[in-house]
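Residue numbers (numbering that gives the first Met the number 0): 0 to 253.
Heads up, the beta-carbon is just placed ideally off N, CA and C, and yes, glycines get one too.
Keep in mind the model is a prediction, meaning the values are calculated, not measured.
Below you'll find the structure, written out as structure tokens, and then a few comments.
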Amino acid sequence: MINDGALRGRQVHYFQETGSTNDLAREAALSDGEPDVLFIAESQSKGRGRLNRTWFSPPGTGLYFSLILSPALDLRDYPKLTLAAGVALCRSLKGYVANPGLKWPNDLLLAGKKTAGILSETVRGKKSTPLVILGIGININEPGRKFPAELAEQINTVEAVCGRPLPRGELLDRVLLNIDDLLNLIEKHGFDPVLDEWRHYDICKGRTLTWLTTEGQTVKGLSLGIDNQGLLKIRDREGVVHEVASGDIITRPV
Ligand code: BTN
């Protein structure tokens with residue numbers, strides 16, 4: 000499934016089935032501390048997403064992988080890598096689908112439904128070097144086993160939108176190459192060009208949405224888009240502008 004060109008010297012660990020590639024990558028980062036290692040699985044029994052959600056990972060249809068990165072960046076900039084990964088996904092889908100969209104911070108949507116997600120985690124490797132685990136899950140082809148009923152309404156596959164099944168290896172190559180290109184761009188020019196590109200795919204700006212804070216509060220307001228730190232700005236009914244760095248964003252009525 001993997002083309003050597005896209006690997007560019009990365010070490011690959013391939014599994015038919017595992018719990019979670021992010022867990023494997025985290026263990027490796029903590030023990031070896033080596034960056035540029037890719038963990039990829041055909042299926043995951045404990046695939047997980049942001050906010051402790053489950054990532055449905057049936058065999059043979061999606062891509063589930065985690066990359067260990069050691070970016071030459073300030074630690075404060077690490078959360079922006081999630082946004083950069085979203086841009087890499089949108090770039091990779093060009094030619095397959097017309098309008099990929101991004102929802103802050105980590106969702107890729109096709110036709111308004113979640114199709115891919117990014118789970119970025121930071122760990123301290125050997126000699127306490129910070130490493131980023133960039134976990135990506137993409138629903139590519141329609142699974143034989145249907146998505147669980149509670150998910151089916153809200154999620155999509157690339158196949159459903161582009162009308163034909165896609166070679167997963169080809170998409171993996173594209174995503175890995177685009178991640179490399181964006182990391183190079185960031186190292187040379189900082190995050191501004193990437194954040195601008197992210198804004199181009201932002202499907203929430205100008206829409207009313209609900210922010211569920213990590214403390215359990217609900218804030219309803221208008222999305223003003225992301226700022227130069229990659230934080231989401233929401234203006235509530237009283238005119239107060241909130242800078243959102245965590246929590247959940249809900250676009251459907253609650
Ligand atoms: C989200 O949408 O909240 C993020 C989903 C991330 C899923 C991927 S699949 C590969 C990697 N392993 C995991 O357990 N999660 C990520």
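With 16 as the cutoff for other CB atoms within 10 Å, does residue i come out buried or exposed?
i	result
N155	buried
E41	buried
P104	buried
E26	exposed
Q82	First, the residue type needs correcting, since residue 82 is Leu and not Gln in the sequence shown. That one is buried.
N21	buried
E196	buried
In the DSSP output, what is residue i paired with across the bridge?
i	result
D106	K102 and G116
A83	Looking at the DSSP assignment, A83 forms no beta bridge with any residue, so it has no partner.
From residue i to residue j, what does the alpha carbon distance come to, in whole angstroms?
i	j	result
S119	L80	8 Å
D247	T207	14 Å
Y95	E237	42 Å
R234	N227	17 Å
F38	V239	43 Å
Y77	S69	10 Å
Y200	G100	5 Å
L256	N98	Here the chain covers residues 0 to 253 and nothing more, so residue 256 does not appear.
K204	S222	5 Å
A24	I132	7 Å
Keeping to the same chain, check which residues put their C-beta closer than 7 Å to that of residue i; ignore five residues upstream and five downstream.
i	result
A244	L230
T128	G32 and S69
Taking 8 Å as the limit between beta carbons, can you name the residues of its chain near residue i, skipping five residues before and five after?
i	result
L184	P192 and V193
L50	D247
Assuming residue i and residue j make a contact with CB atoms under 8 Å, what is their CB distance in whole Å?
i	j	result
Q153	K112	6 Å
G279	A28	Outside the modelled stretch of the chain, which goes from 0 to 253, sits residue 279, for which no answer is possible.
S19	R47	6 Å
Within a Cβ cutoff of 6 Å, which residues of the same chain sit near residue i, ignoring the five residues on either side of it in sequence?
i	result
D35	R9
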